[in-house]
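Number of protein chains: 2
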Amino acid sequence: MNTPPLDDEAPKTSRTGETDRKGEGERRGRKASKEQRRQQLIEATIDSLARRGYSETTMADVADGAGLSRGIVNFHFESKEKLLVATLQYMADEYAAHWRSALARAGEDPADRLWALVAADFDRFVCNKRKLAAWCAFWGEAKSRPTYQALCGARDQAYQQVFVDLCDALEREAGYGFEPGAMALALSATLEGLWLRLMLGTENVTRETSFQAAAELLASVFPRHFVRDGAGVRRRAGKGHEMTERTER
Amino acid sequence: MNTPPLDDEAPKTSRTGETDRKGEGERRGRKASKEQRRQQLIEATIDSLARRGYSETTMADVADGAGLSRGIVNFHFESKEKLLVATLQYMADEYAAHWRSALARAGEDPADRLWALVAADFDRFVCNKRKLAAWCAFWGEAKSRPTYQALCGARDQAYQQVFVDLCDALEREAGYGFEPGAMALALSATLEGLWLRLMLGTENVTRETSFQAAAELLASVFPRHFVRDGAGVRRRAGKGHEMTERTER
DNA sequence: CAGCGTTTGTTGAACATTCATTCAGTACGG
DNA sequence: CCGTACTGAATGAATGTTCAACAAACGCTG
């Protein structure tokens, strides 16, 4: 009951990129710098969270996963608590950087930006079983730990505000009649809910079907900006730049 | 960091209804039946999950919360694992009974039924911090425990199918053009996502604003069936029975 | 109905295990 | 040869489980 088949679609290595994770260990000496070691341990923590869940993640498991000795974590991080907070912080930073980057690449048009934001959420880099499982592990503990609670809004104040602003802009462009704040809440909640569904992994929900569901919703809520086209949804031509990005099936 | 203000809006007592939970203990003798004791312990487990989170929920805490002695849980349930499974099962049954009942009360018209389903999700009985926190605690562990995974689809196969059927019916009535399966996934994910947001409890998200957001979404996706009316959303008149239920502000 | 043994729910202390943390020692780099 | 990164065994605290003792209900008999 300990290792269900999990990481079927996760990108294997982290950006640190060493492949010595499971290595024999002969060269695991004084090579890595302090910061590298910290990242290595954080990656091992995410692995453990994904594989065994929060309550069964132990210091020993993290150390083993990193191919290092038991006491190592208390050397680089002060305690288990601090390790977990650092891990969550790492994931939150990574997530925020990811959507900000997608937004920056999207240009100025609100519809393009909204689409980019949604698409970014289903990018393999952030949307894979490993990271989703880790997120969910923290969610489960967030209510009783203020420190987690603050960071678990990776979809935080700023993220939410972007959604509100975009909904507001689109509403004013086309006069949809909805209340921007409420709609923004509904849309961002949908993305989170789809992540959750994906994580629980029951049924036949995949990254593709989830993305398609989100796109379908955009087409219904913003019919003047997005249009159904065969099996996919795409940006409607006419307004801003013509972008023909589309759902992938 | 142990007892943040949590149960601000939760309905206090369970259906078992005894108030002897925190009683002095002089009459806590052989009064309760076996089944009553089990329920009492399950309620105490939900309390503990909500208050301290999954990883910090201990047998001692559950026993204390029920006002009983340490060894009691292992007598009524065989182990901690079995207690938690029973608790999850209890919540899943309760949730399923709740939406089925709401559906039964809603009549035949698909739009009324969909509205009832959504409204049921934000009913105080199931949607309060205590139960939401407990759900979320299980979600966090579900990935690594097949037993939890199966039950965590309280929103399970059957629930999802109801959504698909309703989306399909409404689509055929009005020719919205969306794919029912995808839309059903998006909508049910939205509800779950709103629960999650509510649970994390950041920002100013309340049960009312969440419900309003969901209603706003319904009005956008099914404009021929629901209409915005002042500050709320209501069932559009004309088709089935005229129901003027609306969001509460 | 009293007396009495049996069953059943309950207690709390003892036990075993798991795990985070500590720290004295080791080895590599500069 | 000094300092820093690292090791791994020892330690102690926390916690799930067991169990022998206990007491309340129940049933039986006289």
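Residue numbers (this note's numbering), protein chains in the order written: chain H, -5 to 243; chain R, -5 to 243. Beta carbons: idealized from backbone N, C-alpha and C, even for Gly. For clarity, every value in this text was computed on a predicted model and none was experimentally measured.
Using a 10 Å radius around the Cβ and a threshold of 16 neighbouring Cβ atoms, would you call residue i buried or exposed?
i: R/Arg118; result: exposed
i: R/Pro140; result: exposed
i: R/Glu135; result: buried
i: R/Lys137; result: buried
i: H/Arg64; result: exposed
i: R/Thr81; result: buried
i: R/Glu186; result: buried
i: R/Asp115; result: buried
i: H/Ser27; result: exposed
i: R/Ala91; result: exposed
i: H/Glu37; result: buried
i: R/Ala213; result: buried
i: R/Thr51; result: buried
i: H/Arg45; result: buried
i: H/Arg99; result: exposed
DSSP state of residue i, grouped into three classes?
i: R/Val215; result: helix
i: R/Arg230; result: coil
i: H/Ala225; result: coil
i: H/Phe172; result: coil
i: R/Phe220; result: strand
i: H/Glu183; result: In the sequence as presented, Glu is not what sits at residue 183 of chain H; that position holds Ala. Looking at H/Ala183 - three-state DSSP - the assignment turns out to be helix.
i: H/Asp106; result: helix
i: R/Arg46; result: helix
i: R/Lys137; result: coil
i: R/Phe116; result: coil
i: R/Thr203; result: helix
i: H/Asn198; result: coil
i: R/Thr51; result: coil
i: H/Leu111; result: helix
i: H/Phe71; result: coil
i: H/Arg21; result: Unreliable placement is indicated for H/Arg21, whose pLDDT of 38 sits below 50; the coordinate value is still reported in the next sentence. It is coil, neither helix nor strand.
i: H/Ala91; result: helix
i: H/Arg166; result: helix
i: R/Ala100; result: coil
i: H/Cys130; result: helix
i: R/Thr10; result: Any reading at R/Thr10 is ruled out, since the residue's pLDDT is 36, under 50, leaving its predicted position unreliable.
i: R/Leu62; result: coil
i: R/Asp150; result: coil
i: H/Cys121; result: coil
Could you check which residue in the options has the C-alpha nearest to that of residue i?
i: H/Arg94; options: H/Val227, H/Leu188, H/Gln154, H/Val56; result: H/Gln154
i: R/Leu211; options: H/Val199, H/Val221, H/Glu173; result: H/Glu173
i: R/Gly171; options: R/Ala57, R/Ala105, R/Cys161; result: R/Cys161
i: H/Ser73; options: H/Val56, H/Met85, H/Gly61, H/Ala60; result: H/Val56
i: R/Arg31; options: R/Leu43, R/Gly47, R/Ala60; result: R/Ala60
i: R/Gly47; options: R/Lys28, R/Gln33, R/Trp129; result: R/Trp129
i: H/Gln143; options: H/Ala86, H/Leu164, H/Cys121; result: H/Ala86
i: H/His70; options: H/Ala209, H/Gln33, H/Leu97; result: H/Gln33
i: H/Val156; options: H/Leu111, H/Asn198, H/Thr51; result: H/Leu111
i: H/Tyr89; options: H/Thr52, H/Leu192, H/Gly147, H/Asn68; result: H/Gly147
i: H/Thr203; options: H/Gly101, H/Cys121, H/Thr52, H/Ala100; result: H/Cys121
i: H/Leu145; options: H/Val221, H/Ala213, H/Val79, H/Ala163; result: H/Val79
i: R/Leu77; options: R/Arg99, R/Leu97, R/Leu43, R/Glu102; result: R/Leu43
Work out the CA separation of residue j and residue i for me, nearest whole Å.
i: R/Arg107; j: H/Ser49; result: 39 Å
i: H/Arg124; j: H/Ile40; result: 7 Å
i: R/Ile66; j: R/Gln83; result: 20 Å
i: H/Ala225; j: R/Asp150; result: 26 Å
i: R/Ala54; j: R/Leu35; result: 11 Å
i: R/His219; j: R/Pro104; result: 10 Å
i: R/Ala176; j: R/Ala152; result: 16 Å
i: R/Glu167; j: H/Leu188; result: 27 Å
i: H/Asp223; j: R/Ala183; result: 23 Å
i: H/Phe132; j: R/Phe132; result: 12 Å
i: R/Val215; j: H/Glu197; result: 24 Å
i: H/Arg228; j: H/Gln206; result: 11 Å
i: R/Ala113; j: H/Glu29; result: 50 Å
i: H/Leu97; j: H/Glu75; result: 33 Å
i: H/Ala163; j: H/Pro217; result: 14 Å
i: H/Ala231; j: H/Val221; result: 9 Å
i: R/Asp58; j: R/Ala127; result: 20 Å
i: R/Leu190; j: H/Ala209; result: 21 Å
i: H/Trp109; j: R/Leu194; result: 26 Å
i: H/Glu165; j: R/Val199; result: 22 Å
i: R/Asn68; j: R/Arg201; result: 37 Å
Using 8 Å for Cβ pairs, my map puts residue i next to residue j. What's the rounded Cβ distance?
i: H/Val158; j: H/Ala180; result: That belief does not hold up - the Cβ atoms of H/Val158 and H/Ala180 are roughly 11 Å apart, past 8 Å.
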